[in-house]
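Step one of this worksheet: look at the structure below.
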Amino acid sequence: METQLGELATTTALIASRMPDLDKLAGSLVPGIKLSDQALNILRQMAENKAEYFLVHGSMAGTSLIPSNGKSIEYEDDQFLQDDLATLVELQLLRLGYNSSGKEMYHFTRTGAKLVQLADGKSAL
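Structural data, given as structure tokens:
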């Protein structure tokens, strides 16, 4: 029970770290906690482009995020892309699945959409 409460506090602080007026409170509850700019930007691009999901495609040239609507999803830091995606799944902001070829599919969730709205100072109701 204590472990679950600790995980809940960490998850709540991580999400709150991206919300105006709550970021300082989140930092005081769990020092050093913050959802990366790259992770939030991936969610923001999915919301803006109304993408349902994206595929992850790796090649010699690097990793591409290929969304369902054909528009590109840009990211800056390849070194921490997998870490950001894992964090987004752990927080249920994205849902991980696989297509028939076994490629990773990351589905945008309502919770992810609400976080983008809150982070951008819009009502999420």
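Using full-length UniProt numbering, the letters of the sequence shown map in sequence onto residues 1 to 125. All C-beta atoms in this analysis are idealised placements derived from N, C-alpha and C, irrespective of residue type, glycine included. Since the structure is predicted, the reported quantities are computational estimates derived from the model, not experimental observations.
Go to residue i, then tell me how far its beta strand (DSSP E) extends in each direction, as first and last residue.
i	result
Thr109	Looking at the DSSP string, Thr109 is not in any beta strand (DSSP E), and its letter there is neither H nor E.
Phe54	Tyr53 to Ser59
Bridge partners for residue i per DSSP, in chain order?
i	result
Thr87	DSSP, once it has assigned bridges, lists no residue as partnering Thr87.
Arg95	His107
Leu65	Val56 and Ile73
Taking the alpha-carbon of residue i as reference, which of the options has the nearest alpha-carbon?
i	options	result
Ser100	Leu55, Ala47 and Leu40	Leu55
Ala51	Ala61, Lys71 and Thr12	Lys71
Pro67	Glu104, Gln82 and Ala61	Glu104
Would you call the CB atoms of residue i and residue j closer than 9 Å?
i	j	result
Ala39	Thr87	yes
Leu115	His107	no
Gly73	Leu85	Just to set this straight, residue 73 is Ile in the shown sequence, not Gly. No; because the gap between Cβ atoms is not below 9 Å, this pair is not in contact.
Asn49	Asn69	yes
Could you give the first and the last residue of the continuous alpha helix (DSSP H) run that contains residue i?
i	result
Ile42	Asp37 to Asn49
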